[in-house]
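The next block holds one structure in the form of structure tokens; read it before the comments.
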Amino acid sequence: MRLISPQVLSQYMEFRDETNRSLAAKVGRSPSLIAHLRRGARNYCDPKVGPRIEKALNAPPGSLFLPEVIVDSTLGNRNGLPAA
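In our numbering, the protein residues as written are 5 to 88.
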């Protein structure tokens with residue numbers, strides 16, 4: 005999951021009176037992960053963690069994190085067709 009905005013995450017946390025440690029405990033991750041997301045040092049997390057953070061902060065789904073789409077260029081050729 006890709007974090008949309010570290011600033012918005014921080015604002016949600018402040019509004020909900022969550023610290024890095026308290027939010028980390030609610031989502032089952034380390035406080036350092038939350039801190040890295042919050043200050044923008046990291047902008048991605050495990051696909052299960054983003055929705056947990058949104059739920060813990062009572063944020064609408066998809067308001068803080070977007071799914072990360074990984075494209076494997078080895079699966080096709082330049083024409084966009086499957087490799088032979």
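All residues carry an ideal CB built from backbone N, CA and C; glycine is no exception.
Determine, using beta carbons only, whether residue i and residue j come nearer to each other than 8 Å.
i, j, result
"VAL12", "LEU70", "no"
"ARG56", "PRO10", "no"
"CYS49", "LEU37", "yes"
Would you decide whether residue i is buried or exposed? Buried here means 16 or more other CB atoms lie within 10 Å of its CB.
i, result
"ALA28", "buried"
"GLU58", "buried"
"GLY32", "exposed"
For residue i, which three-state DSSP category applies?
i, result
"ARG42", "helix"
"ARG20", "coil"
"ARG33", "coil"
"LEU61", "coil"
Roughly how many angstroms separate the alpha carbons of residue i and residue j, rounded to a whole number?
i, j, result
"PRO64", "ALA45", "23 Å"
"MET17", "GLU72", "23 Å"
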